[in-house]
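The opening residue of the sequence shown carries number 1 in my numbering; numbering runs sequentially from there. Glycine is no exception: its CB is placed at the ideal position from the N, C-alpha and C atoms. It should be emphasised that the depicted structure is a prediction, and the values quoted were computed from it without experimental measurement. Worksheet: the structure to be examined is printed underneath.
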Amino acid sequence: MESARKALALYVHIPFCKAKCTYCDFYSIVGRESSIPDFVKMTLVEIEHRVQYLDLSQHYIDTVFFGGGTPNLLAPAALEQILNALLHICPSGDNLEIGMEINPGEADLADLKAYRALGINRISIGMQSFQTHLLKFMSRIHDSERSIATYEDVRRAGFDNVSADLIFAVPGQTRDHWESDLQRLAQLAPEHISTYSLTVEEGTALKRWVDAGHVEMLEETLDTGMYAWGRDFLESAGYPNYEISNHAKPGYECRHNLNYWTGVEYLGFGPAAHSYFNDRRHWNVRDLDRFNVMVETGGLGEEAFEIIDEHLAKNEMILTRLRLAHGLDLTAYANRFGENLVSLKADVLKKWSDQILVKNERLTINRQGWSLIDEISADLMFIP
Ligand SMILES: C[S@@+](CC[C@H](N)C(=O)[O-])C[C@H]1O[C@@H](n2cnc3c(N)ncnc32)[C@H](O)[C@@H]1O
Ligand code: SF4
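If you want it as structure tokens, here you go:
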């Protein structure tokens, strides 16, 4: 199956949360659980409408991901309906990864067993921190005991591919807090660990607090120091860093995210979901009610689209691959775009010669460059 066809990644955005976290700008709505049945119905209709416009005869489903928002707010039977519809759009690969995000304390053992029975084989738990005051600052509604209990239930339910997210550089967090969080998580021994530096996003409570001067973000040197320590610690604990924020025991890298970062086509369903297919990217409306009306009246829930021309494709390849430990495959770049990036960007390579390594037809960012990745990528990209 796989040899003759192209991989496809599928995403479903579940836009419901029990509470809004102070830092989060992902599309999610609170107190709207009564709308879940309509959301499920309309997402099924969207899948049906969308596949009528797509030629999937050359694809196979490689990965499926339920993200959010909070996917565990959907009962197993609701996820089953969506999953069944997705798995009918084209054949699946032999090694299908089906992942799902859950929030600590929000899925009981029976639910987790039911999710596992559906074929979901990877769980990502949003732990964020083990420190009570930091969880409170972030408006998380769980505590560290709940995170650990949920992790244990996930194992009991039979999941052998488990990830956990932690956030660092949170106001009020010291280097000791961060080191203790990572040590505690490594002791639990999930297969995969994501570590995100807290970013201030437009429209969030955190942004308002920072703008009003009520909260001060950590100094950049503290942030980069925490990152560097975390990366070294996780590597020595058996979790090499395969992407700037992602660490995994070898063989447990998140294949769904790797699909995004390596140019595999993806289809996203539900409000605010993004898709990239046939050199076209589109994103759905960030509003559940508008999404429902659009789909119900025969539409696709699309807000807008852009065509990925060669210029955009080059920049995206540079931006995504540089974040990977594997780096940018210069032969693949030359084969696709008919040009030699190293000679075209000789001046940039000279400027960043202490940070960029070109070896064995790969361009990678070394240790000194980790914290400068945005500046380096911007220099390597092409201005229209
Ligand atoms: C949008 S959440 C969805 C998963 C789940 N609802 C949760 O809260 O864990 C996915 C991950 O994005 C990360 N995240 C979201 N906003 C962030 C921000 N402003 N800065 C850093 N990490 C962020 C969190 O670590 C979170 O686990
Ligand atoms: S971080 Fe997760 S739980 Fe918090 S608002 Fe965002 S999606 Fe919801």
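| query | result |
| --- | --- |
| So if DSSP puts residue 100 in a beta bridge, which residue, or which two residues, is it bridged to? | 66, 123 |
| Within its chain, find whatever has a CB closer than 7 angstroms to the CB of residue 339; leave out the 5 residues flanking it on each side and keep chain order. | none |
| Residues in the same chain with beta-carbon distance under 7 angstroms from residue 226, minus the five sequence neighbours each way, listed in chain order, please. | 168, 169, 175, 178 |
| Does the distance between the C-beta of residue 199 and the nearest non-hydrogen atom of ligand 1 fall short of 7 angstroms? | yes |
| Measure how close the beta-carbons of residue 72 and residue 110 come, nearest whole angstrom, since I'm counting them as under 8 angstroms. | Contact flag wrong, Cβ pair sits at about 12 angstroms. |
| Would a C-beta distance cut-off of 8 angstroms place residue 222 and residue 23 closer than the cut-off? | no |
| Residue 70: beta carbon under 7 angstroms from a heavy atom of ligand 2? | yes |
| Identify, in the order they occur along the chain, each residue of the same chain with its Cβ nearer than 6 angstroms to the Cβ of residue 364, setting aside the five sequence neighbours on each side. | 327, 357 |
| Secondary structure at residue 131, three-state DSSP: helix, strand or coil? | coil |
| Can you find the residues in the same chain that come closer than 6 angstroms, C-beta to C-beta, to residue 331, ignoring five residues on each side of it along the sequence? | 361 |
| For residue 219, which of helix, strand or coil comes out of DSSP? | coil |
| State the CB to CB distance for the pair residue 166 and residue 127, rounded to an integer number of angstroms; the pair is presumed to be in contact (CB under 8 angstroms). | 6 angstroms |
| Under a Cβ-count criterion, where at least 16 other Cβ atoms within 10 Å of its own Cβ denotes burial, should residue 50 be classed as buried or exposed? | buried |
| Taking only runs that begin and end inside the stretch 328 to 372, name each unbroken alpha helix (DSSP H) of 4 or more residues, in chain order. | 330 to 337, 341 to 344, 346 to 351 |
| Distance, Cα to Cα, residue 203 vs residue 31? | 19 angstroms |
| Looking only at its own chain, which residues have a Cβ that is under 8 angstroms from the Cβ of residue 210, when we skip the five neighbours before and after it? | 200, 216, 217 |
| Assuming residue 39 is part of the alpha helix (DSSP H), what are its boundary residues? | 36 to 52 |
| Rounded to the nearest angstrom, how far is the Cβ of residue 230 from that of residue 182, given a contact under 8 angstroms? | 6 angstroms |
| Less than 8 angstroms between the beta carbons of residue 91 and residue 53, yes or no? | no |
| What number of angstroms, rounded off, separates the C-alpha of residue 317 from the C-alpha of residue 263? | 7 angstroms |
| Would you call the CB atoms of residue 139 and residue 19 closer than 8 angstroms? | yes |
| Can you tell me which of 103, 37, 312 puts its alpha carbon nearest to the alpha carbon of residue 145? | 103 |
| DSSP on residue 231, reduced to helix/strand/coil? | helix |
| Any idea what DSSP makes of residue 6, helix, strand or coil? | strand |
| Which runs of the alpha helix (DSSP H) at least 4 residues long sit entirely within the stretch 278 to 308? Give them in chain order. | 288 to 296 |
| Throw me the rounded Cβ distance for the residue 142 and residue 163 pair, which I believe falls under 8 angstroms. | Actually they are not in contact, since the Cβ atoms of residue 142 and residue 163 sit about 17 angstroms apart, beyond 8 angstroms. |
| Leaving out five residues before and five after residue 325 in sequence, what residues of the same chain have Cβ atoms less than 8 angstroms from its Cβ? | 240, 241, 242, 243, 364 |
| Under 8 angstroms, with one C-beta from each stretch per pair, do the stretch 277 to 293 and the stretch 93 to 101 reach the 3-pair mark? | no |
| Applying the criterion that 16 or more other CB atoms from any shown protein chain within 10 Å of the CB defines a buried residue, is residue 28 buried or exposed? | buried |
| Three or more C-beta pairs under 8 angstroms: does that hold for the stretch 291 to 304 against the stretch 344 to 352? | no |
| Quick one: using the 10 Å Cβ neighbour count with 16 as the cut-off for buried, is residue 132 buried or exposed? | exposed |
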